[in-house]
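To convert, note that position 180 of the sequence shown is 220 in my numbering; the numbers rise steadily by one, no gaps. In this text, a Cβ means the ideal position worked out from N, Cα and C, and glycines have one as well. No experiment lies behind these values; they were computed from the predicted model shown.
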Amino acid sequence: IGIVGVNGSGKSTLLRIMAGIDKEFSGEAYPADGAKVGFLPQEPQLDNSKTVFENVMEGLGPIKAKIDAFNAVSAEMAENYSDELMEKMATLQEEIDAADGWDIDSKIEMAMEALRCPPGDWKVDKLSGGEKRRVALARLLLSAPDLLLLDEPTNHLDAESVAWLENYLREYKGAVIIVTHDRYFLDKVTGWVLELDRGRGIPHEGNYSSWLEAKRKRLEQEEREEQNRKKTL
């Protein structure tokens, strides 16, 4: 879903509400039970004490923890076999298999290369704003949330990285909501557009180009109705 609207219409604010960051609003907003929400703000936060690789690795933190636990149980099994340890090891293996999590280093390297991240051993406190955004985007994509919220995701990406991101999002298994001024990107990745207009949300099924055409027709209809109204006065 692409969110569109004039500057100041509340596009980024809507993303922050959905991410659970902005709390000052009327009404209710909450994700489905158990749903994992991930958000790329325009100025993402990284751990400055860690390297680029370590920050990106945080996206796979839960899987990494399970792999570490599996290895620890495996080592303990070699010294002290028990049915309980075997059962625990089997459970961990099933969970890691289900997440396709055994080869996390290659996944990290692939995402970092595709998004042109700085070298993995660099400390992030030395990075530019654009470099930090690429690191944060790689971390977020690897975390694979059920709801992926992206605020200007193509900023600071070159053409090849944008093309990779387009393909990645088209195949993404969760829901994706995007705010961007890149209309070509919206055309290629969105199946719905939500227009924020004067406090209303107007949904449209289709990409950015089809939304533009639908909006043109809607405005023409509104103009005709306004002209007819004036004639009756």
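- Exposure of Lys271 is indicated by the presence of fewer than 16 other C-beta atoms within 10 angstroms of its C-beta.
- Bridge partners of Arg240 according to DSSP: Asp237.
- Residue environment for Asn95: buried (at least 16 other C-beta atoms within 10 angstroms of its C-beta).
- Minimum Cα-Cα distance from Asp227 among the listed residues Ser122, Ala139, Tyr248 corresponds to Tyr248.
- In the same chain as Leu182, and ignoring 5 residues on each side of it, the C-beta atoms closer than 7 Å to its own belong to Val96, Gly99, Leu100, Lys147, Ile148, Ala151, in chain order.
- In this structure, the straight-line span from the alpha carbon of Ser114 to that of Glu235 is close to 53 Å.
- Proximity of the region 252-267 to the region 74-86 falls short of the contact definition, fewer than three beta-carbon pairs being nearer than 8 Å.
- Boundaries of the alpha helix (DSSP H) harbouring Ile144: 144-154, taken from the DSSP string.
- Boundaries of the beta strand (DSSP E) around Phe79: 77-80.
- Annotation: the continuous alpha helix (DSSP H) that includes Ile107 extends over 101-119.
- Per DSSP, the continuous beta strand (DSSP E) segment holding Asp191 begins and ends at 187-191.
- If you draw a 10 Å sphere on the C-beta of Val175, you find 16 or more other C-beta atoms in it, and that means buried.
- Distances from the alpha-carbon of Lys213 to those of Asp198, Lys63, Ala139 put Ala139 closest.
- Looking from the CA of Ala130, the closest CA among Gly169, Asp145, Ala109 belongs to Ala109.
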